[in-house]
Amino acid sequence: MIKIENLTFNYKKKAVFNDFHLNIKSGKVYGLLGKNGTGKSTLLYLMTGLLQPKSGKITYNDQDVSKRFPSTLNDIFIVPEEFYLPAISLKKYVKLNSSFYPNFSEKQLSDNLSHFELDADVNLGSLSMGQKKKVFMSFALATNTSLLIMDEPTNGLDIPGKSQFKKFIVSNMNDDRTVIISTHQVQDVEKLIENVIILDNDKLLLNASTVDICRKLYFANNANDIDTEKALYASPSLQGHNALLLNEKETESVLNLETLFNGVLSNFDEIGRLFCEHKDENKLNSPQ
């Protein structure tokens, strides 16, 4: 679906990406992880054509996104971390914007709003920031674009809202839709993610399915019987350790995105070798 080749981008004198490569396939929920300042939001804006690369190319279904063709724009929707909604009724907002998306569904919008216990008859100007985010995400999924991008979608949501968010995403997924979620709040999306992308500066450290990750790695969560010297990564917890080990016996375990992220950053050489089959496709690079 998305192919990024030889991407180079910088803000004035600050380099963000240099000869960066990445492939994203359709029909999955991707989690995009990285430290602050690694270019996650920039990458999302480049994918949607909102930013232009200095060199290289990004294609969406074989079309160059930088050309911003209508056939591309009406099949992509992005929910940025910060956004503005006008002080008008939701009904008027829908009337003004839904026509840009040929597969928009008012019934789906109504169903999405109900997940967040919101009514379609609201004025956007009277809503809190958290409520505006719920409304905007409800509209985003109702556009039925094949690609939906969300930057820190759970920021500003209360605890019930975060729980509702998971159900809301699952109920709107199908085999033709791809969702990319960039977040630091990994526990909010852990059970949704089907493929994990980890960036460090302009390097792609990991692009692998959660099935493949859990097949090759064993996650010991809150364990008190782990030999930390044999672990690829370990950090203390209240009940023992959260650790990452080679899954030599192919034992089932529960993915811990925080442990995975920290493990990849601290022990890339060893963990990266486990996923070397992705190297040609995605050009995984060791940090310099």
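Residues in the sequence shown are numbered from 1 upward in steps of one, following the working numbering. Glycine included, each C-beta is placed from N, C-alpha and C at the ideal position.
Three-state secondary structure assigned by DSSP to residue i
| i | result |
| --- | --- |
| MET173 | coil |
| PRO160 | helix |
| PRO80 | coil |
| GLN52 | coil |
| THR228 | helix |
| ASP121 | coil |
| ASP212 | helix |
| ASN97 | helix |
| VAL29 | strand |
| GLU5 | strand |
| CYS276 | helix |
| PRO70 | helix |
| LYS57 | strand |
| LYS166 | helix |
| PRO287 | Summary for PRO287: the model assigns pLDDT 46, below 50, so the residue's position carries little reliability, and this model does not support an answer. |
Contact under 8 Å by Cβ, residue i with residue j
| i | j | result |
| --- | --- | --- |
| ALA142 | SER89 | no |
| ASN195 | TYR30 | yes |
| GLU258 | VAL186 | yes |
| LEU46 | ILE58 | yes |
| SER138 | LEU109 | yes |
| PHE168 | ASP188 | no |
| GLY39 | LEU199 | yes |
| MET129 | GLY156 | yes |
| ASN256 | GLN239 | no |
| HIS241 | THR251 | no |
Whole-number beta carbon distance between residue j and residue i, since they are thought to touch under 8 Å
| i | j | result |
| --- | --- | --- |
| LEU204 | PHE20 | 7 Å |
| LEU232 | GLY272 | Not a contact, Cβ separation roughly 11 Å. |
| ALA243 | ILE226 | 5 Å |
Residue i, enclosing beta strand (DSSP E) - first and last residue
| i | result |
| --- | --- |
| VAL16 | 14 to 24 |
| HIS241 | 240 to 246 |
| THR178 | 178 to 182 |
| GLU313 | In the structure displayed, the chain extends from 1 to 288; residue 313 sits before or after that span and is not available. |
| VAL196 | 195 to 200 |
| LEU192 | Here LEU192 belongs to no beta strand (DSSP E), and DSSP marks it neither H nor E. |
| PRO236 | 233 to 237 |
Pick from the options that is closest to residue i, judged by C-alpha positions
| i | options | result |
| --- | --- | --- |
| SER235 | PHE219, LYS249 and GLY156 | PHE219 |
| LEU245 | LEU260, SER237, LEU238 and GLN239 | LEU260 |
| ILE193 | PHE100, ILE181 and THR145 | ILE181 |
| LEU124 | LYS107, SER114, PHE116 and VAL135 | VAL135 |
| ASP175 | LYS25, GLU5 and ASN267 | LYS25 |
| LEU217 | ILE197, GLU248, SER237 and GLU190 | GLU248 |
| VAL122 | LYS92, VAL254 and ASN23 | LYS92 |
| LEU22 | GLU5, GLY37 and GLN239 | GLU5 |
| ASN103 | ASN267, THR145, LYS132 and MET1 | THR145 |
| SER41 | SER171, LYS28, SER55 and VAL16 | VAL16 |
| ILE213 | LYS191, PRO153 and LEU274 | LEU274 |
Proximity test, residue i beta-carbon vs the ligand ATP heavy atom, cut-off 7 Å
| i | result |
| --- | --- |
| TYR233 | Summarising the ligand content, the structure contains no ligands, and the ligand ATP is consequently not present. |
Limits of the alpha helix (DSSP H) - the one that residue i falls within
| i | result |
| --- | --- |
| ALA87 | First-last for ALA87: undefined, no H or E at that position. |
| PHE136 | 129 to 142 |
| GLY263 | 257 to 266 |
| TYR45 | 40 to 47 |
| GLU106 | 106 to 115 |
| GLN187 | 186 to 189 |
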